[in-house]
Ligand SMILES: Nc1ncnc2c1ncn2[C@@H]1O[C@H](COP(=O)(O)OP(=O)(O)OP(=O)(O)O)[C@@H](O)[C@H]1O
Ligand SMILES: [Mg+2]
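In our numbering, the protein residues as written are 309 to 812.
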């Protein structure tokens with residue numbers, strides 16, 4: 309029983325990673341799934357493909373590690389957050405493709421509710437503004453779309469859940485006794501949970517007309533969720549950890565205490581700062597969320613800055629512009645020039661999230677001259693990642709009293725050394741990369757391992773965190789300020805590009 313397997317079901321791919329007692333990676337498997345874009349602003353995944361990839365990734369990782377289920381102490385699950393699935397509990401079949409967190413099809417409904425209640429009308433209950441990003445309006449859309457959806461939900465013939473619930477239910481047997489549960493971090497992203505009681509909020513359920521019968525039970529992040537079913541490769545292994553991917557990354561970075569933070573650079577980027585046992589409500593466009601909960605009734609909170617487009621901007625350079633053929637090539641391309649030559653890229657592909665919350669913004673490339681080439685655009689793309697992060701940290705500094713002295717980073721983009729230097733320069737504080745950069749999977753493994761005594765306590769986990777490399781700022785303050793002014797100008801120009809202004 310020397311290992312934990314962590315399932316990281318992300319936006320673009322599914323990984324299974326096997327960790328040993330030292331928190332080190334023993335083996336992993338990874339499979340990408342298809343992104344469906346059926347209309348502008350719509351993004352869908354096939355839940356069956358995702359479930360297949362989960363099983364294949366686990367099988368692949370176990371084979372590579374040369375272990376069987378008998379060697380596994382527990383399973384942890386972490387997942388792309390806010391993405392929703394509706395399925396038939398009798399057949400186990402999805403009733404629609406999953407609606408992905410980036411999907412803005414419910415903007416009309418959100419605008420309507422915002423006009424009536426104000427964008428921040430339910431922040432005191434949920435910690436979140438009314439926004440199409442969160443799950444509630446997506447659940448409501450599914451219930452509208454599926455014939456007789458609400459009746460089926462009330463009759464127990466339709467289940468709703470975020471991706472963690474879909475994976476857990478299938479892993480624990482699906483139609484044969486599958487467990488319908490979620491963890492408090494995932495539930496805190498639905499716009500349906502009361503942040504203080506950590507229960508579904510009757511007010512919010514009524515607002516979106518969601519029958520509670522369809523929703524999973526909310527549990528702590530470290531809990532005995534169930535055991536893998538007989539038909540599974542993992543049969544009998546307990547599933548004891550679930551966290552949304554960003555909270556998992558913070559947990560994997562050992563950000564257990566108030567004031568501790570991290571920034572994860574994946575498809576989008578997400579900065580979380582732990583605020584302890586009391587929720588802090590932002591005055592500057594950040595959201596309040598649950599960081600983790602190890603015991604029922606004892607949530608630890610965080611404020612979060614969510615940035616929709618960072619890694620996906622690099623994918624866009626690769627897939628749509630074709631100026632690179634792999635994501636990692638962006639570093640060499642951007643390194644060919646010393647600066648952006650005055651170019652600013654604002655990747656507001658579907659509006660801007662924190663701290664602006666402008667659904668009317670759209671992407672822009674500004675400052676182009678006859679001198680501009682691919683390298684300037686690549687470099688400006690990397691700068692946009694750093695500047696968006698700086699905007700969020702600036703907002704956080706105003707909300708939380710403690711001054712950030714360094715930034716712990718993780719996620720796929722931190723392999724990019726140039727980006728890390730640009731980030732340190734933009735912030736004026738050191739940027740620190742941990743030895744295990746798969747902190748998302750590690751965090752879910754930590755939560756799972758704590759529940760079964762694989763690891764004793766948070767102190768032991770703190771000892772496992774180790775630094776790989778740090779970047780210190782090298783730019784002059786004047787350069788930093790000039791870059792900030794240019795960036796701010798670019799961001800402002802991106803506002804109001806599409807008609808419907810639901811922003812503040
Ligand atoms: N060397 C690099 N430089 C810049 N960006 C990179 C580099 N390598 C990967 N990326 C970007 O990082 C992202 C992948 O990061 P990561 O693997 O953390 O994301 P992910 O976990 O798959 O995201 P999600 O969980 O949302 O699916 C991709 O969007 C890719 O474009
Ligand atoms: Mg991820």
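A virtual CB, placed ideally from N, CA and C, is assigned to each residue, including glycine.
From a predicted model like this one, the values you see are computed outputs, not experimental measurements.
Check your understanding: Whole alpha helix (DSSP H) runs in the stretch 469-537 with 4 or more residues, listed along the chain?
Key -> 471-479, 492-495, 510-516
Point to revise | Three-pair Cβ contact test at 8 Å for the stretch 330-338 versus the stretch 379-388 | key: no
Review point. Which whole runs of the beta strand (DSSP E) in the stretch 662-738 are 3 residues long or more, in chain order?
Key: 672-674, 715-718
Check your understanding: Looking at the unbroken beta strand (DSSP E) that takes in residue 322, where does it start and where does it end?
Key -> 321-327
Exercise for review: Report all residues from its chain with a CB closer than 8 Å to the CB of residue 695; omit the five preceding and five following residues, and keep chain order.
Suggested key: 734, 791, 792, 795
Check your understanding: Does the Cβ of residue 780 have 16 or more other Cβ atoms within 10 Å, making it buried, or fewer, making it exposed?
Key -> exposed
Exercise for review: Answer yes or no: the CB of residue 337 versus the heavy atoms of ligand 2, is any distance below 7 Å?
Suggested key: no
Review point. Does the beta-carbon of residue 634 have 16 or more other beta-carbons within 10 angstroms, so that it is buried, or is it exposed?
Key: exposed
Review point. My guess is that residue 551 and residue 529 are in contact by the Cβ rule of under 8 Å, so how many angstroms apart are they, rounded?
Key: 5 Å
**Study point:** Inter-residue CB distance, residue 567 and residue 582 (contact presumed, cutoff 8 Å)
**Key:** 7 Å
Check your understanding: Whose C-beta lies closer than 6 Å to the C-beta of residue 664 among residues of the same chain, with five residues either side of it excluded?
Key -> none
Exercise for review: Could you check the C-alpha separation between residue 387 and residue 482 for me, to the nearest Å?
Suggested key: 18 Å
Practice item. Please report how far the alpha carbon of residue 250 lies from the alpha carbon of residue 609, in whole angstroms. Key: Residue 250 lies beyond the range of the chain shown here (309 to 812); nothing can be said about it.
Check your understanding: Measuring from the CB of residue 553, is there a heavy atom of ligand 2 at a distance below 7 Å?
Key -> yes
Check your understanding: Which ranges would you report for the beta strand (DSSP E) in the stretch 552-615 if only whole runs of at least 3 residues count?
Key -> 569-573, 577-584, 595-601, 607-615
Check your understanding: Within 7 Å: the Cβ of residue 321 and any heavy atom of ligand 1?
Key -> yes
Check your understanding: Quick one: what does DSSP say residue 786 is sitting in, helix, strand or coil?
Key -> helix
Exercise for review: Can you give me the start and stop residues for the beta strand (DSSP E) that residue 433 sits inside?
Suggested key: Unbroken run through residue 433 is the alpha helix (DSSP H), 431-434; no beta strand (DSSP E).
Check your understanding: Using DSSP with H/G/I as helix, E/B as strand and the rest coil, what is residue 358?
Key -> helix
Check your understanding: Of all the options 504, 412, 785, which has the alpha carbon lying nearest to the alpha carbon of residue 601?
Key -> 504
Practice item. On a CA-only basis, which of 589, 622, 586 is nearest residue 573? Give me that one, please. Key: 622
Exercise for review: Let me know the secondary structure DSSP gives residue 344 once reduced to three states.
Suggested key: strand
Check your understanding: From this set, 650, 477, 726, which residue's C-alpha is nearest residue 547's C-alpha?
Key -> 477
**Study point:** At least three beta-carbon pairs within less than 8 Å, the stretch 398-411 to the stretch 763-779
**Key:** no
Review point. Taking C-alpha atoms, which residue in 764, 628, 655, 484 lies nearest to residue 668?
Key: 655
Check your understanding: Going by alpha carbons, who is nearest to residue 721 out of 714, 731, 712?
Key -> 731
**Study point:** Whole-number beta carbon distance between residue 533 and residue 562, since they are thought to touch under 8 Å
**Key:** Between residue 533 and residue 562 the Cβ distance is about 23 Å, and since that is not below 8 Å, they are no contact.
Check your understanding: What residues in its chain sit with their C-beta under 8 Å from that of residue 706, if we drop five residues either side in the sequence?
Key -> 591, 592
**Study point:** Continuous alpha helix (DSSP H) stretch holding residue 461: start and end
**Key:** 457-462
**Study point:** Span of the beta strand (DSSP E) around residue 381
**Key:** 380-387
Check your understanding: Can the beta-carbon of residue 620 be found closer than 8 Å to that of residue 717?
Key -> no
Exercise for review: Taking 8 Å as the threshold, find out whether the stretch 518-527 comes into contact with the stretch 460-478 through three or more Cβ pairs.
Suggested key: yes
Check your understanding: Under a Cβ-count criterion, where at least 16 other Cβ atoms within 10 Å of its own Cβ denotes burial, should residue 402 be classed as buried or exposed?
Key -> buried
Point to revise | Reduced DSSP secondary structure (H/G/I, E/B, other) of residue 751 | key: helix
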